[in-house]
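Asks:
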Amino acid sequence: MKNVMNLQFSALSQNESFARVAVAAFIAQLDPTMDELTEIKTVVSEVVTNSIIHGYENDPEGMVYISVSIDDSTVELTIRDEGVGILDVEEARQPLFTTKPDLERSGMGFTIMENFMDEISIISHTGEGTIIRLKKQLTKSNAFCN
Amino acid sequence: MSLEIEQEIRDNILCIRLSGELDHHSAEDLKNRASTAIVKHNIRHIILNLEELSFMDSSGLGVVMGRYKQIKQNHGEMIVCAISPPVKRLFEMSGLLKIVKLELSEENALQKLGVA
Ligand SMILES: Nc1ncnc2c1ncn2[C@@H]1O[C@H](COP(=O)(O)OP(=O)(O)OP(=O)(O)O)[C@@H](O)[C@H]1O
Ligand SMILES: [Mg+2]
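As structure tokens, then:
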């Protein structure tokens, strides 16, 4: 059965840990492994942080929108901002690529998302915002199905 | 849950003990405190103890890389203690694993540096 949770909050860095914990708590009903939970929390942190520092350039008036959908053992995350958007998505996805080296960014956000999730889709338009969709199949509940 | 930072200086070695969550929100504080100590005490080596760290993302990688660059100028070394499997994966992805040394404990790290 499909089960959906929606969340929206101000683009403030103190909300990053809230976002991780809220998503993890919702997903907990699928009985994920500790590793899977850590991976999903890390990915939420990456996307939300990107919306705050890149999308909204730390303007707290901005809003970050998270939608989580679970179905059997599949987790689908959609995280959206209405910020500046990404100029060149292919370039942005490259490991170590960052437009903010002065802020000590490592340019690893997208690489981490790709490593920790099964599927990623990035839709971004400059001046309109960014939508990141991520999908992950949890293993444990898989075993139960078989 | 936020980040607690404990710093101890021994000769030219800065030992940083982290507990809690290292993300974008808490990274700034760590960056400021560590880089101030490095400059003020002429630090050459860093021992980073992650035993009590429960979460880290790319913001943490950024601060660690930044401090490594700082001590590299003095030909210093960075030793990371008690790294957890998920954090180790992040270090691996970013290439940090190739430039820092890993040790199980602070004592081992100090021994490696010829102290203790
Ligand atoms: N929501 C967003 N809005 C606008 N630009 C973005 C957004 N997300 C990512 N970007 C752009 O994509 C680049 C790469 O993102 P990525 O998360 O991989 O690295 P980073 O955020 O720069 O560094 P790190 O995540 O390691 O701290 C960013 O530097 C930024 O230019
Ligand atoms: Mg990022």
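From first to last, the protein sequence lines stand for chains D and C. Going by the working numbering, the first sequence opens with residue 1, and the numbers climb by one from there. Going by the working numbering, the second sequence opens with residue 1001, and the numbers climb by one from there. Backbone N, C-alpha and C define an ideal beta-carbon position, used for all residues, glycine too.
Using a beta-carbon distance below 7 Å, is M117(D) in contact with chain C?
Replies: By this cut-off, M117(D) is not an interface position.
Asks: My parser needs the alpha helix (DSSP H) runs of 4 or more residues fully inside the region 29–115 of chain D; what are they?
Replies: Listed in chain order, they are 34–50, 89–93.
Asks: Do N15(D) and G109(D) come within 7 Å of each other at the CB atom, strictly closer than that value?
Replies: Not in contact: G109(D) and N15(D) (Cβ atoms no closer than 7 Å).
Asks: Any chance you could list the alpha helix (DSSP H) runs of at least 4 consecutive residues sitting entirely within the region 1029–1096 of chain C, in chain order?
Replies: Counting whole runs of 4 or more residues, the region 1029–1096 of chain C contains the alpha helix (DSSP H) stretches 1058–1072, 1085–1094.
Asks: Does the beta carbon of G129(D) fall short of 6 Å from some heavy atom of ligand 2?
Replies: It does not: the Cβ of G129(D) is nowhere closer than 6 Å to a heavy atom of ligand 2.
Asks: DSSP state of N146(D), grouped into three classes?
Replies: Residue placement at N146(D) is poorly supported in this model, since its pLDDT is 44, which falls under 50; the coordinates are not used for a value here.
Asks: Does Q94(D) come within less than 7 Å of chain C when only Cβ atoms are used?
Replies: Output row for Q94(D): interface = no.
Asks: For chain C, is any of its Cβ atoms less than 7 Å away from the one on R133(D)?
Replies: Judged by the 7 Å Cβ criterion, R133(D) is not in contact with chain C.
Asks: Taking DSSP's pairing of strands, which residues face T130(D) in a bridge?
Replies: Per DSSP, D81(D), S124(D).
Asks: Evaluate the contact criterion for the region 60–71 of chain D versus the region 96–103 of chain D: three or more CB pairs, one atom per stretch, below 8 Å.
Replies: With the cut-off at 8 Å, the region 60–71 of chain D and the region 96–103 of chain D do not touch.
Asks: What residue does the alpha helix (DSSP H) around N1108(C) start on, and which one ends it?
Replies: Run containing N1108(C): 1106–1112, per the alpha helix (DSSP H) assignment.
Asks: Starting from the beta carbon of E1021(C), find every residue of chain D whose beta carbon is closer than 7 Å, and list them in chain order.
Replies: Those are S17, listed as they occur along chain D.
Asks: Using the DSSP secondary-structure output, state which residues sit across from L1018(C) in a beta bridge.
Replies: Beta-bridge pairing links L1018(C) to I1005(C).
Asks: Identify the residues that DSSP records as bridge partners of Q137(D): which are they?
Replies: Answer is T74(D).
Asks: Would you call the region 1017–1034 of chain C and the region 116–132 of chain D touching, i.e. three or more CB-CB distances under 8 Å?
Replies: The answer is no - the region 116–132 of chain D does not touch the region 1017–1034 of chain C, with fewer than three Cβ pairs under 8 Å.
Asks: One question on the structure: do H1044(C) and G1095(C) come within less than 7 Å of each other, judged by their Cβ atoms?
Replies: It should be noted that the sequence gives Arg, not His, for residue 1044(C). The answer is no: Cβ separation not under 7 Å.
Asks: Would you give the residue range spanned by the beta strand (DSSP E) that N3(D) belongs to?
Replies: Per DSSP, N3(D) belongs to the beta strand (DSSP E) from 2–10.
Asks: Counting C-beta neighbours from all protein chains within 10 Å, is the total for G1114(C) 16 or more, i.e. buried, or is it exposed?
Replies: Exposed is the call here.
Asks: Considering only the alpha carbon of each residue, which of N3(D), S10(D), N6(D) lies closest to E82(D)?
Replies: Of N3(D), S10(D), N6(D), the residue nearest in Cα terms is S10(D).
Asks: Under 6 Å: does the beta carbon of R1044(C) sit that close to some heavy atom of ligand 1?
Replies: No, ligand 1 has no heavy atom inside 6 Å of this Cβ.
Asks: Along the chain, where does the alpha helix (DSSP H) containing S13(D) start, and where does it finish?
Replies: Taken as a continuous stretch (DSSP letters only), S13(D) belongs to no alpha helix (DSSP H), as it is neither H nor E.
Asks: Hey, N1049(C) and A1027(C) are a contact pair by Cβ (cut 8 Å); roughly how many whole angstroms apart?
Replies: Incorrect: roughly 17 Å between the Cβ atoms, too far for contact.
Asks: Apart from the five residues on each side of it in sequence, which residues of its chain come closer than 6 Å, Cβ to Cβ, to F1091(C)?
Replies: Cβ within range, chain order: L1097.
Asks: Going along chain D, which residues have a C-beta under 7 Å from V1063(C)?
Replies: Going along chain D in sequence order, the residues near V1063(C) (Cβ under 7 Å) are E104.
Asks: Anything in chain C within Cβ reach of K136(D), meaning under 9 Å, just list it in chain order.
Replies: Chain C residues near K136(D): none, gap ~15 Å exceeds 9 Å.
Asks: Check each residue's C-beta against every heavy atom of ligand 2 and list, in chain order, those closer than 5 Å.
Replies: Any residue whose Cβ sits closer than 5 Å to a heavy atom of ligand 2 makes the list: N50(D), G109(D).
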